[in-house]
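Start counting at 1 in the sequence shown, then tack on 118, and there's your number in the numbering used here. Where a beta carbon is used, it is the ideal one built from N, C-alpha and C, also for glycine. This structure is a prediction, so every number in the text was calculated from the model and none was measured. Some notes on the structure that comes next.
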Amino acid sequence: MKPMSVKNIRQCVKGQLIQGSDDFMVNDIIHLYQKMGPNKLLFLKQRWQIDWEKIANSVPCVVVTDEAYDRLKYIEKCTVIKVQDIEKAFWMFVMYYRNQFSIPVVSVTGTSGKTTTKDMIKHILAFDRNVTGTKTSANSRTQHLTYLLSIEKNTDAAVFESAVGSPGDVLLASRYFKPTIGIITNIGVTHLDGCKTPEAYLRAKAEMVQAVGQKGTLIINADDENTQKIGLENLQGKVLTFGITHRANFRATNVQYGNNGMEFVLTFREKTYPAFVPGYGQHQVLNALAAFAAVYEMGISIEEAVKRIESFRNLPAHLECSIGMGKCIIVDDTWNSNPISLKAAFQVLNGISRGRKRIALIGDINALGELSLDLHRKVGEMIAENGVDVLITVGSLAAEIGKQAQKEGLSGEVYSFPDIHGVYLFLEKILDENSILLIKCSATNHSIINLKSRLKRRRFI
């Protein structure tokens, strides 16, 4: 964070200095007690659970409050700023701090591909620019202030994820970040526990149109059916598209599986550029196209962007290939699971199997709300269309995937386990050097994650 004096803070929140000095300098701002410490500023927003002991142990510090708490008078070296409304004061500060910087800020949302696209953009920019942004996929609401404060006077660009757990999340993130560039990677179906219906989830993702404002740039997937449902008639900024099967500003053709990644030809403004992106699958090409569009808007040439992305490295568990039990190939896609990413994973399995026996291990899909049963069955239909030699499901909902796949005519074998017990012994019998195993679940499915670790350790029979 850019250090600030109490005087500057007090003036921006229109507050009154009750105790302490205007000259005291703050180097961090928080609103959660667990991050308290010296030289930090705390907005007392949670009146019902004030931790006075932590405040006392964090001096010298600054507290902003709209209540006259007597206990603050007895905490030595605690500077107090009194405001009329603590919530308004907090957002006044957020707006003030964000307005200190005139830099490109990218906000990435989408059902899948957010983290990879964000990391690709950061990777391309980091060659010659100081970049900050979301770490891995830690994109919860409680992280927004921390990430905003990571923008400092020497920061050249920022790239953040805007996740959707409930309606309003993208707009909430935009209040902090004020993105100049917004990206929607795709819109599938997930987080229906918070959004309730697919239509509400789509609208929540479409908040990115409002988030970029009247002068921002919106980058969208021309191949994604749901994204095409977003109304853009009120958008006054720029719209850029990317795609493979549809016409787009940034389009990939001649897409092929290469050595540890995808080869394709990028077409932009009637010029073509041979390109390679590490990581398997057409979805990885789409992620790269979105990243190219974003960095081009920030002044990076297409030639340079194509060159830089060749050294990109995915996060672990993003269709990560390794050798495991029986010398089989393990395709680890256990970062997250939803219908869109499942389809992409099966396409990759088919794309790199090269005659090996295709085995897929799938767990229950979370956060699908009241449509969970129906959507699990639709995944079964997708698997029947793509094909697999052995399908193994773990969990009662995943079992519906197997049942539906068989009903739709899947020719491969299907084995359903109510839980993880027995799965390891079963795999021990069928895995060999002529097989490839896709493991697909969310990172919270600890039983499958632990099984994956055991399989990776057992390289030889």
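Just the Cα atoms here: how many angstroms apart are Phe578 and Gly444?
Unreliable positioning characterises Phe578 in this predicted model, as indicated by a pLDDT of 45, which lies under 50. A coordinate reading is not provided.
Between the alpha carbons of Leu515 and Glu438, how many angstroms are there, rounded?
25 Å
Given this structure, state the Cα-to-Cα distance separating Leu103 from Cys446, to the nearest angstrom.
Residue coverage of the chain in this structure runs from 119 to 579, which leaves residue 103 outside it and unanswerable.
So which of Val124, Gly300, Ile148 and Gln129 has the shortest CA-CA distance to Gly138?
Val124
Alpha carbon of Arg259 to alpha carbon of Glu551, nearest angstrom:
45 Å
Excluding the 5 residues preceding and the 5 following Ala322 in the sequence, name in chain order all residues of the same chain whose CB lies nearer than 6 Å to its CB.
Val282, Pro285 and Cys313
Mind the definition here: the region 169 to 183 touches the region 191 to 200 only if three or more C-beta pairs lie below 8 Å; say whether that holds.
yes
Spatial neighbours of Ile519 within its chain, please: CB distance less than 8 Å, with the 5 preceding and 5 following residues excluded, ordered by chain position.
Ile480, His494, Arg495, Val497, Gly498, Ile501, Leu509 and Thr511
Nearest to Leu549 (by Cα), restricted to the options Gly442, Thr390, Arg387 and Ser571:
Gly442
The alpha helix (DSSP H) enclosing Pro392, as first and last residue numbers:
Premise fails: Pro392 lies in the beta strand (DSSP E), Lys389 to Pro396, not in any alpha helix (DSSP H).
According to the neighbour-count rule (16 or more other Cβ atoms, all chains shown, within 10 Å of its Cβ), is Leu543 buried or exposed?
exposed
Between Lys389 and Ile301, what straight-line distance do the alpha-carbon atoms span, to the nearest angstrom?
23 Å
Out of Ser225, Leu159, Lys570 and Ala318, which has the shortest C-alpha to C-alpha gap to Met122?
Leu159
Segment contact flag, the region 408 to 416 with the region 360 to 373, C-beta cutoff 8 Å, min 3 pairs
yes
Would you call Ile566 buried or exposed, if buried means 16 or more other Cβ atoms sit within 10 Å of its Cβ?
buried
Candidates Ala370, Arg369 and Gln332: which alpha carbon is nearest Gln354's?
Gln332
Tyr414 versus Ile420 - alpha carbon distance
7 Å
How do the region 371 to 386 and the region 305 to 320 stand: do at least 3 beta-carbon pairs fall below 8 Å, yes or no?
no
Residue of Ile538, Glu279, Leu135 and Ile418 minimising C-alpha distance to Ser230
Glu279
Beta-carbon of Pro457 versus every beta-carbon of chain C: anything under 8 Å?
You won't find chain C in this structure, because it holds only one protein chain.
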